[in-house]
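Just so you know, the sequences run in chain order A and B. In this text, residue positions in the first sequence follow the working numbering: the first is 1, and each later residue adds one. In this text, residue positions in the second sequence follow the working numbering: the first is 1001, and each later residue adds one.
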Amino acid sequence: MTPQTGRSPRLVIALSKGRMLKDTIGLLKRVGICPPGLSPEGRRLTFPLPNAGGQVILVRATDVPTYVEHGAADIGIVGHDLLLEQMRDVYVPLDLSFGACKIVLAEPTRKERYPSGPLRVATKYPNITERYFSEKGVAVEIIKLYGSIELAPSRGLADQIIDLTETGETLRLHRLRVIAELVTSSARLIVNRSSFRLKYPHIQQVIESLRKAALCE
Amino acid sequence: MFTPFKTPKPMIPKGIAALSPEETAKRRRLEKRVLSVVYQHGYQEVVPPIFEYYDSLSVSDEALDRAYKFVDRSTGRVIVLRHDVTPQIARMAATSLTGRPHPLRLCYATHVFCYADEHTGEGREKFQIGGELIGSGGADADAEIIALAIESIRKAGLRSFKVVLGQMAFVRGILQPLQHTPSLLERALGLIARKETAQLSALLIEAQVPRPSVETIMALLTFVGYKEVLKRAASHDPMVATELQKLDRVFGRLTKLGFGAHLLIDLSEVRGFDYYTGTIFEVFADGLGSALGGGGRYDNLLARFGKPLPATGFALNVERLQTAISRQVIRR
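Next up, the structure:
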């Protein structure tokens, strides 16, 4: 009935170091909620927001959805790939368009020998891989890796890989060719379900200003 | 000493808790407070069984997927550990409790069990207190249940919380153009639940949904706010205005009871689409990332047990309520 008046509530924004931080900083600057000193370098993990209150925290990209789902952060910016992999119960109101890349299935350009037994696929996205192959009705053995996925086929660890690629350069370098494009990924804004309600309408205004800023880009 | 390479056999399964005497005393005090409010409003407590046959409790496949199941020794049928009390109460109301004057007011205070993935911080055993109002279909019954939930939470000692109201019949009306393509409806519901605006419009346009319907469905995502939302939504589609009038009555009633400051409307809430049939609500509190309780109208459930009757109810997660209260104290 009575909209809350007075000071706007503090917002905690979870971002990750890594490939999307530069674009994210640019976006936050355009809407005027970028804390001073926020940069990809350095060891600081928390950055207070000057006027609006609240803070920006830097966590691992894979952990951004966890922070937001639990309400440890109100909003976050994270790749669509990680959201598909983790399937967290969060709102995803904005596609911020930057950080575009693709999740692809790739295999060696020259197959040394034909695999025996089930297809082995190395990936850091076991859930996406599982869903992709079960939709196709193909039995696979998934090998979960945390990085340098491109190396797995050449070392005989896997027959194919499912990985993220921006330009395809790294794949070519490791003599891999794309055999299927699963999904296009880009940066998404995520919002905690509880925060959206408890910090309404402030959080809605932040989403709208980010929407406008992302469109202008 | 910590021996990192040895995997110990855990003493208790993951996701359950054993409470110390002090914690137990605290919990029981909280339960008593909540139950006192529920009793005061004429709700009679019942004790439903802790496990049941899988096929007789089938309400939502999704919830049943996450339930604990095992095989009955004597019959070989699959047994499910209770994951939701409402269907049990519905069955009792439709079978063993027929012949009593309506509306029937029943309540419970008991455990439910639901599988949760590891390392997510989710418990697998939850203690719920809830009430069901059976045999009454009007807005007054909806308001009674929501008021009861609010009063219980207040009595428990929580001050700052929001009750978010929705209307599933309204949502169903808006999504009518998608009803004949179940796969499209399912994908649209997923996107609406996550408020994925851009993806939703892309999906609808790609599926060649007529433009006016696309606009109405997209507008659904903007129906969030205070009471003015109801006017905005009604002007959009007069076909579903009756459902909004009901919600308007609920809102008015709760405001008159002095609960206006707790209320927020989000008509785009679609969780429980297959289950709920009218006014729905969820309760959110500072310091909790997810809802601590909720409920709504489920007019189709009792028919499954042979007695079509309108019904509405609420359930509170007592552990979450306690967490919210303790965090509120710390913050002050």
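From the three backbone atoms N, C-alpha and C, an ideal C-beta is built for every residue, glycine too.
| Item | Value |
| --- | --- |
| If you drop the 5 nearest sequence neighbours on each side, which residues of the same chain put their C-beta closer than 7 Å to that of A:P9? | K199 and H202 |
| Is B:L1257 helix, strand or coil by DSSP? | coil |
| B:F1281 and B:V1163 look like a contact to me (Cβ under 8 Å); what is the Cβ gap, rounded to whole Å? | 5 Å |
| Just to check my reading of the structure: A:S116 and A:L58 have Cβ atoms closer than 8 Å, yes? What is that Cβ distance to the nearest angstrom? | Contact doesn't hold; Cβ gap of about 46 Å is too wide. |
| According to DSSP, is A:T5 helix, strand or coil? | Below a pLDDT of 50, predicted positions are generally treated as unreliable, and A:T5, at 43, falls in that range; the measurement from the model is reported next regardless. Three-state DSSP puts A:T5 in coil, outside helix and strand. |
| If you scan the segment 1019-1101 of chain B from start to end, which runs of the beta strand (DSSP E) of 3 or more residues do you find wholly inside it? | 1051-1053, 1069-1071 and 1078-1081 |
| Is there a C-beta anywhere in chain A that falls below 7 Å from the one on B:E1196? | yes |
| Quick one: what's got a C-beta closer than 6 Å to A:S194's C-beta in the same chain, skipping five residues either side? | G71 |
| Whose Cβ in chain A lies nearer than 7 Å to the Cβ of B:D1281? | First, the residue type needs correcting, since residue 1281 of chain B is Phe and not Asp in the sequence shown. Neighbours of B:F1281 on chain A: none; closest Cβ ~11 Å, over 7 Å. |
| Please classify A:R60: is it buried, with 16 or more other beta-carbons within 10 angstroms of its beta-carbon, or exposed? | exposed |
| Quick one: give me the first and last residue of the beta strand (DSSP E) that A:S16 is part of. | L11 to S16 |
| Apply the 10 Å Cβ neighbour rule to A:P3 and answer buried if 16 or more other Cβ atoms are within range, or exposed otherwise. | Since pLDDT at A:P3 reaches only 42, below the 50 mark, its modelled position is unreliable, and the value read off the structure follows with that caveat. Exposed, because fewer than 16 other Cβ atoms sit within 10 Å of the Cβ of A:P3. |
| Indicate whether at least one CB of chain A lies closer than 7 Å to the CB of B:G1293. | no |
| For a cutoff of 7 Å on Cβ pairs, would you count B:F1051 as touching chain A? | no |
| Does the beta-carbon distance from A:E107 to A:D89 come in below 7 Å? | no |
| Beta-carbon within less than 6 Å of B:A1139's beta-carbon, same chain only, minus the 5 sequence neighbours each way: which residues are those? | K1246, R1249 and V1250 |
| Identify each residue in the segment 37-58 of chain A for which the Cβ-Cβ distance to at least one residue of chain B is less than 8 Å, and report them in chain order. | none |
| So which residues of chain A does B:S1290 contact, with C-beta pairs closer than 9 Å? | E69, H70, G71, D89, N192, R193 and S194 |
| Among the residues of its own chain, which have a CB less than 7 Å from the CB of B:Y1276, if the five just before and after it don't count? | M1168, G1296, R1297 and Y1298 |
| Span of the alpha helix (DSSP H) holding B:H1111? | Taken as a continuous stretch (DSSP letters only), B:H1111 belongs to no alpha helix (DSSP H), being part of the beta strand (DSSP E) at L1104 to F1113. |
| Kindly indicate which three-state DSSP category A:Y67 falls into: helix, strand or coil? | helix |
| Using three-state DSSP, classify A:T109 as helix, strand or coil. | coil |
| Please classify B:E1144 as buried or exposed, where buried requires at least 16 other C-beta atoms within 10 Å of its C-beta. | buried |
| Report the CB separation of B:F1112 from B:H1083 in whole angstroms; it is logged as a contact under 8 Å. | Residue identity differs from the one stated: residue 1112 of chain B is Val in this sequence, not Phe. So it is a contact: roughly 5 Å between Cβ atoms. |
| If we define contact as Cβ-Cβ less than 7 Å, is B:F1305 a contact residue for chain A? | no |
| Between the Cα of B:V1034 and the Cα atoms of B:A1315, B:Y1068 and B:V1329, which residue gives the shortest distance? | B:A1315 |
| Which runs of the beta strand (DSSP E) at least 3 residues long sit entirely within the segment 159-199 of chain A? Give them in chain order. | 160-165, 176-185 and 187-191 |
| On the CB-based measure, 16 or more other CB atoms within 10 Å of its CB, does A:E85 come out buried or exposed? | buried |
| Would B:I1265 be called buried (16 or more neighbouring beta carbons within 10 Å of its own) or exposed? | buried |
| Can you tell me which of the three DSSP states A:C101 falls into? | strand |
| By the criterion of Cβ-Cβ separation under 7 Å, what are the contact partners of B:D1248 in chain A? | Correct list: empty, because the minimum Cβ distance to chain A is about 13 Å. |
| Going by beta carbon distance, what residues of the same chain come within less than 6 Å of A:S209, once the five residues before and after it are set aside? | V31 |
| Using the three-state DSSP reduction, which class does B:G1252 fall into: helix, strand or coil? | helix |
| Confirm, please, whether the CB-CB distance from B:A1233 to B:L1178 is below 7 Å. | no |
| Rounded to a whole number of angstroms, what is the C-alpha to C-alpha distance between B:K1009 and B:T1024? | 26 Å |
| Inspect the CB distances between the segment 1037-1048 of chain B and the segment 1093-1110 of chain B and report whether three or more fall short of 8 Å. | yes |
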